[in-house]
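Chains as they are written, first to last, in the UniProt record's numbering: chain A, 1 to 153; chain B, 1 to 153.
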DNA sequence: CTTGAAAAAACGCGAGC
DNA sequence: GCTCGCGTTTTTTCAAG
């Protein structure tokens, strides 16, 4: 059902590096005609391998210069779904994961400045199921990139 | 130079939610003609506010089901640029940040499975400037989304 | 400086093979 | 998976606010 061959990988690579390239351009890069590329892309979208296309925005330019990673410790045992439901309404939460180790979850926060970050942290800490948080403020973004096309997979 | 008004924000929102939408579609959403939208998008690309367009890929589908966050502690004082240069060659590193607190950096790793993750961690620890690492393995992805259009910015 | 309208050129998308 | 053809879109040029 979700078979992804070498050509699909190359098509995905093209789209990751430029989501607005035309089917003809992709076809030229992978050695297929434009309609053939479109059919594969449609299939990849159907099967969920491709989840969509988005613009990469400079966070600084829109006033999202400050970010932090927050270890979240919950009260007692909480289901992942419950944590997700509680984090979803907070707009500063750009990512969240349940993790191994002492913490229950890691939350990635993005805010416009330190003050906004503080506000977001207060709101996060006021969430019922959350007991305690440990914040790590990001000083500089060193690297941020899509996963490599593939490798030893 | 990098003035971004309300219409630009709405155009960016459209492109973030679907990078492949046509200029006519965007124009209809923001109340501009297609050429006017294109000019603004070109300008946003020129000024670096928009950095490009990419496909959102399901990590599972390409064999990137396992990820981890790693606190990196360096030997002595190391410049951010040096850390970046040392991390860039490692394909499993999808993001890295210098941070406040005890650690020097947080590295986001993505691997195909636990074994691959272990290999990647070994390679990471073998980097000269790195003294010690503390790994946190991700159990489940709760949330992952682009920053909200904007807010109290 | 920005917009809207109209031109040619390129692209998307279905049918047929 | 490829070719063909029609309708739509993009993109450039031009004139106006």
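Ideal Cβ placement from N, Cα and C applies to all residues, glycine included. Here the structure is a predicted model, which means the values were calculated and not measured.
Contact under 7 Å by Cβ, residue i with residue j
| i | j | result |
| --- | --- | --- |
| residue 21(B) | residue 27(B) | no |
| residue 96(A) | residue 85(A) | no |
| residue 70(B) | residue 107(B) | yes |
| residue 87(B) | residue 143(A) | yes |
| residue 7(A) | residue 57(B) | no |
| residue 110(A) | residue 147(B) | yes |
| residue 124(A) | residue 55(B) | no |
| residue 112(A) | residue 98(B) | no |
| residue 133(A) | residue 72(A) | yes |
| residue 14(B) | residue 36(B) | no |
| residue 130(B) | residue 74(B) | yes |
| residue 19(A) | residue 19(B) | yes |
Simplified DSSP state of residue i, which is helix, strand or coil
| i | result |
| --- | --- |
| residue 58(A) | coil |
| residue 27(A) | helix |
| residue 104(B) | coil |
| residue 65(A) | coil |
| residue 125(A) | helix |
| residue 109(A) | strand |
| residue 39(A) | helix |
| residue 32(B) | coil |
| residue 98(B) | strand |
| residue 9(A) | helix |
Own chain residues within Cβ distance below 7 Å of residue i, not counting five before or after
| i | result |
| --- | --- |
| residue 135(A) | 68, 70, 121 |
| residue 38(B) | 23 |
| residue 4(A) | 49 |
| residue 81(B) | none |
| residue 92(B) | 109, 110, 111, 120 |
Residues that DSSP places opposite residue i in a beta bridge
| i | result |
| --- | --- |
| residue 92(B) | Residue 92(B) is not bridged to any residue. |
| residue 14(A) | In DSSP, residue 14(A) forms no bridge with anything. |
| residue 134(A) | 71(A) |
| residue 52(B) | 56(A) |
| residue 22(A) | DSSP lists no partner for residue 22(A). |
| residue 4(B) | For residue 4(B), which the question treats as bridged, DSSP gives no partner whatsoever. |
| residue 144(A) | 95(B) |
Own chain, CB closer than 8 Å to residue i, minus 5 neighbours either side, in chain order
| i | result |
| --- | --- |
| residue 138(A) | 66, 67, 68, 69 |
| residue 154(B) | Beyond the ends of chain B as shown, which are 1 and 153, falls residue 154(B); an answer cannot be given. |
| residue 89(B) | none |
| residue 64(A) | 110, 111, 112 |
Contacts around residue i, its chain only, beta-carbon distance under 6 Å, and the 5 residues preceding and following it disregarded
| i | result |
| --- | --- |
| residue 94(A) | 108, 110 |
| residue 16(B) | 146 |
| residue 83(A) | 105 |
| residue 53(A) | 19 |
Heavy atom of the ligand NAP within 6 Å of residue i beta-carbon
| i | result |
| --- | --- |
| residue 146(A) | With respect to small molecules bound, the structure shown includes none, and the ligand NAP cannot be examined in it. |
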